[in-house]
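Notes to accompany the following structure.
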Amino acid sequence: MQQSNVDSSSGVKTGASRLSPLIPPLPRGSEQELRWTQLYGCSASLAVSQAAIAHYGVTVFVTTDPASADQIEQEIGFFAPELSVIRLPEWETLPYDHFSPHQDIISDRLAALRTLTGGERGVLIAPIATLMGRLCPLDYLERYSFAIQVGASVDLDDMRIRLTRAGYRNVSQVVEHGEFAVRGSLLDLFPMGAHTPLRLDLFDDEVEAIRRFDPETQRSTDSVDAVDLLPAREVPLDPDAVKYFRSAWRARFEGDPTACQVYQDVSQGNAPPGIEYYLPLFFEDTATVFDYLGDSTLMVLDTGVQDAAERMWAEIGERYESRRHDIQRPVLRPSELFLDVGAVNQQLHQHPRVAFVATDAAQARAFATQVADSVPIDARAPEPLARVHALVDDHPGRVLFVADSPGRQETLTESFARHGLRPARVDGWDTFLDSGEQVAVTIAPLERGVRLLDPDISIVTENQLFGERATQRRRRKSSTRDAEAAIRDLSELNPGAPVVHEDYGVGRYIGLQTMEAGGTNSEYLAIEYDGGDKLYVPVLSLHLISRYSGADPDHAPMHRLGSNQW
59 MQQSNVDSSS GVKTGASRLS PLIPPLPRGS EQELRWTQLY GCSASLAVSQ AAIAHYGVTV
119 FVTTDPASAD QIEQEIGFFA PELSVIRLPE WETLPYDHFS PHQDIISDRL AALRTLTGGE
179 RGVLIAPIAT LMGRLCPLDY LERYSFAIQV GASVDLDDMR IRLTRAGYRN VSQVVEHGEF
239 AVRGSLLDLF PMGAHTPLRL DLFDDEVEAI RRFDPETQRS TDSVDAVDLL PAREVPLDPD
299 AVKYFRSAWR ARFEGDPTAC QVYQDVSQGN APPGIEYYLP LFFEDTATVF DYLGDSTLMV
359 LDTGVQDAAE RMWAEIGERY ESRRHDIQRP VLRPSELFLD VGAVNQQLHQ HPRVAFVATD
419 AAQARAFATQ VADSVPIDAR APEPLARVHA LVDDHPGRVL FVADSPGRQE TLTESFARHG
479 LRPARVDGWD TFLDSGEQVA VTIAPLERGV RLLDPDISIV TENQLFGERA TQRRRRKSST
539 RDAEAAIRDL SELNPGAPVV HEDYGVGRYI GLQTMEAGGT NSEYLAIEYD GGDKLYVPVL
599 SLHLISRYSG ADPDHAPMHR LGSNQW
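Just remember that this note's numbering sits 58 ahead of the position in the sequence shown, which is counted from 1.
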């Protein structure tokens with residue numbers, strides 16, 4: 059990458075990075091937009107991570123979609139593990155859907171918003187759809203959050219009421235975010251934003267201990283001193299909020315509100331599926347992501363963000379038109395739920411910003427990078443690593459091979475060694491840079507390689523060595539849960555309970571059935587979908603099935619196989 063001389067007048071801390079040649083130029087104030095180009099492969103994440111280290115405020119990386127956000131998050135974590143990376147995901151539902159986002163997504167969103175209110179420096183990664191959506195106001199998290207410490211006095215009956223008003227669900231066994239269970243003197247709960255559930259051990263009304271526990275085995279592990287509780291939803295359900303919702307509903311929609319199931323459910327203090335698309339009815343004023351950001355925020359827009367915003371706005375309009383005449387479930391106008399493209403652009407222009415553009419764009423700063431070379435390993439060739447050897451032998455700089463797990467690193471180094479190539483093992487990007495090794499291998503979940511020309515370094519991922527096989531293996535690994543854990547997760551289900559298949563959506567659990575296939579008797583989990591269609595899932599694929607947790611199971615949707623509902 060090209061070297062840039064940056065001074066304090068631009069708001070950048072000179073010498074903030076140990077890799078000064080990789081610090082890109084940053085905009086001076088909100089009136090300036092810089093264009094960056096020729097950022098191939100993972101070099102875009104490298105440039106943003108170095109910019110975030112140099113920048114004195116929050117850096118927001120706006121992506122086109124959730125998959126891109128996942129990729130960017132992993133890459134920044136590799137290049138700058140010292141950076142605080144905040145992920146604000148989109149709901150991953152279609153506009154005006156009749157079901158809610160998964161509780162894990164809501165948990166991540168609430169945790170990200172809480173972090174932003176603290177003014178912590180770092181990188182916020184968000185798809186453009188998230189920036190377009192309206193959010194709960196800033197004071198919502200403060201009003202519905204509370205902390206519990208060891209030694210505190212807790213009345214279990216009052217705590218039940220408080221958790222319920224915060225949106226938590228009372229269950230028999232805690233498994234998902236937003237659940238709690240009371241068993242004698244034990245209070246189990248899975249706080250939003252937490253990675254593991256917690257178990258509060260009470261002696262009379264005093265919290266004697268707080269321990270993490272495994273939701274699969276239900277066994278306690280290590281202890282903590284306190285727990286911070288966020289609300290379980292992005293909308294409140296306490297009596298005052300319900301009263302405000304009822305009034306706002308009657309002001310927005312004509313007709314008898316009691317004929318609408320959503321109105322009835324909220325009136326009873328329940329959260330019906332898709333309640334998020336009525337968020338403005340719970341607050342006098344809503345907020346957007348921009349309200350959670352300070353004036354010093356640096357906005358970085360990935361290539362294609364503008365087009366993605368326009369597609370999103372068109373989809374919102376189409377789905378609104380298809381649902382606006384439904385008197386059983388009336389919908390709010392798009393402007394109440396989303397920012398249009400013009401409003402988003404107006405907000406973006408209030409911050410210093412960088413836009414990734416095509417290589418032929420005018421006034422764009424070109425970075426010294428090249429597309430990564432493909433160096434496939436051909437196991438059937440006389441010299442399987444011929445292309446790899448050619449890369450290493452002819453490369454004027456240094457080469458870093460990247461494996462996506464310790465096991466893959468071991469396999470890769472053994473394969474290399476059999477063919478006379480012995481890369482040094484390093485712990486990460488910074489270690490590689492400090493090591494001076496010409497050829498090395500490390501572990502990181504990178505899918506995109508790149509060649510940097512200044513300094514001259516080639517990053518070679520498994521995709522470049524094994525093609526699509528590496529990507530497919532990574533996707534299988536990332537979505538696979540232990541089969542026994544999946545069975546435990548489903549063991550409490552009764553016939554008729556809603557379940558979710560990753561590929562086909564929400565159906566109803568029928569039970570486990572033994573069927574003959576290919577001359578062999580095997581056990582299958584049967585799921586019924588809308589229209590009576592049935593899906594039989596082999597037990598080896600149970601990692602694709604999970605309990606439905608979007609809302610009250612009695613109001614869970616039921617999808618049709620072969621449709622685009624999911």
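Glycine included, C-beta positions come from ideal geometry on N, C-alpha and C.
None of these values were measured; they are calculated from a predicted model.
First and last residue of the beta strand (DSSP E) that includes H235?
Note, H235: premise wrong, no beta strand (DSSP E); not H, not E.
Rounded to whole angstroms, what's the CA-CA distance from A439 to Q522? Just pull it up for me.
Taking the straight line from one Cα to the other gives about 17 Å.
If you draw a straight line from the alpha carbon of V347 to that of L182, how long is it in whole angstroms?
10 Å
Cβ-heavy atom distance, R269 to the ligand NAD, below 8 Å:
This structure simply doesn't include the ligand NAD, nor any ligand for that matter.
If you draw a straight line from the C-alpha of V363 to the C-alpha of D166, how long is it?
22 Å
CA nearest to the CA of Q90, picked from R423, H477, H407
H407
Which residues in the same chain have their Cβ closer than 6 Å to the Cβ of A448, if we skip the five residues on either side of it in sequence?
none
Coil, strand or helix - S103 by DSSP
Of the three classes helix, strand and coil, the one that applies to S103 here is helix, per DSSP.
Consult DSSP for T529 and reduce its assignment to one of helix, strand or coil.
Because T529 sits at a pLDDT of 48, beneath the cut-off of 50, its placement in the model cannot be relied upon, and the following sentence gives the value as read from the coordinates. In this structure, T529 counts as helix in the three-state DSSP scheme.
Looking at the strands, I want to know which residues DSSP matches up with M357.
V118, R411
By DSSP, does L458 sit in helix, in strand, or in coil?
In the structure shown, L458 falls within a strand segment according to DSSP collapsed to helix, strand and coil.
Pick out whichever of E133, P153, A461, T117 has its Cα sitting closest to the Cα of Y336.
Closest option to Y336, Cα to Cα, is P153.
Relative to the C-alpha of H235, which residue among T254, S243, T222 is closest?
T254
Rank V460, H383, L504 by C-alpha distance to the C-alpha of V497 and give the top, closest one.
Checking every option, the nearest Cα to that of V497 belongs to V460.
Give the DSSP-derived three-state secondary structure of A125 in the structure shown.
helix
Which complete alpha helix (DSSP H) runs does the segment 151-227 hold, if anything under 4 residues is left out?
As summarised for the segment 151-227, the continuous alpha helix (DSSP H) elements at least 4 residues long and confined to that stretch are 161-175, 186-190, 196-201, 214-223, given in chain order.
Which of helix, strand or coil does DSSP assign to P255?
coil
Applying the criterion that 16 or more other CB atoms from any shown protein chain within 10 Å of the CB defines a buried residue, is H216 buried or exposed?
Per the sequence shown, residue 216 should be read as Asp rather than His. Exposed.
Which value, in whole angstroms, describes the spacing of the CA atoms of D162 and R605?
Our two residues, D162 and R605, have alpha carbons roughly 13 Å apart in a direct line.
What did DSSP end up calling F396 once you bin it into helix, strand or coil?
strand
For the segment 579-596 and the segment 557-568, state whether three or more C-beta atom pairs, one from each stretch, are separated by less than 8 Å.
They touch, by the three-pair rule.
Could you give the first and the last residue of the continuous alpha helix (DSSP H) run that contains L449?
Its alpha helix (DSSP H) spans residues 444-452.
Which first and last residues belong to the beta strand (DSSP E) in which I517 is found?
514-519 is the span of the beta strand (DSSP E), which, as asked, contains I517.
With burial defined as no fewer than 16 other Cβ atoms inside 10 Å of the residue's Cβ, what is the status of V116: buried or exposed?
buried
How is Y335 classed by DSSP in three states: helix, strand or coil?
helix
How many angstroms separate the CA atom of D512 from the CA atom of I186?
If you draw a straight line from the Cα of D512 to the Cα of I186, it comes to about 31 Å.
How about Y350 and L602: are their beta carbons less than 9 Å apart?
no
Limits of the beta strand (DSSP E) - the one that P556 falls within:
Where P556 is concerned, the enclosing beta strand (DSSP E) stretches over 556-559.
Name the DSSP bridge partner or partners of I501?
A461
Look at G180 and I144 and say whether their C-beta atoms are less than 9 Å apart.
yes
Reduced DSSP category for W487 - H, G, I as helix; E, B as strand; rest coil:
helix
Suppose the cutoff is 6 Å on Cβ atoms and the five residues either side in sequence are ignored; what does the same chain contact list for D612 look like?
none
Apart from the five residues just before and just after A422, which ones in its own chain have a Cβ nearer than 6 Å to its Cβ?
R93, T95, V415
Less than 9 Å between the C-beta atoms of P159 and P124, yes or no?
no
Check whether V265 and V324 have beta carbons under 9 Å apart
no
To the nearest angstrom, report how far apart L339 and R223 are at their CA atoms.
Each residue's Cα considered, the two are about 17 Å apart.
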